[in-house]
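Residues are numbered in our numbering as their position in the sequence shown, beginning at 1, plus a constant of 137.
Beta carbons are placed, not taken as given, at the ideal position from N, Cα and C, and that holds for glycine.
Everything below concerns the one structure shown next.
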Amino acid sequence: MAQKDPVAAAARKYKPIQSAVPGTTLGPIQIDAFFGGGKLFDTPGVHLHHRQAAVIHSEDLPALAPQSRLQGKSFPV
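In structure tokens, the structure reads:
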């Protein structure tokens, strides 16, 4: 990345924190991460009432996360 955009490479130490809980961004956050002076904005997501995270309390969400890697199975048809 440093070869293509040294400003972005230098800005890596200022990366935003990612939350496991959706909806934690309260307002637009400006990130100066482009060599040409462009800006990147992290914005609050759209609240969708039908999503599971919208109807379950945030303290209960970790209990719903998988505790181990999911194993896929295939069956002959």
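- For I193 versus D179, is the C-beta spacing smaller than 8 Å? no
- For P165, I'd like the list of residues in its chain whose CB is within less than 6 Å of its CB, leaving aside the five on either flank, ordered along the chain. F178, T180
- Tell me whether D197 sits in a helix, a strand or coil according to DSSP, three-state version. helix
- Expressed to the nearest angstrom, what Euclidean distance is found between the alpha-carbon atoms of A202 and G174? If I take the Cα positions, the gap works out to 39 Å.
- For Q172 versus P143, is the C-beta distance shorter than 8 Å? In the sequence on display, residue 172 carries Phe and not Gln. Yes, the Cβ-Cβ distance between F172 and P143 is below 8 Å.
- Own chain residues within Cβ distance below 6 Å of S195, not counting five before or after: V158
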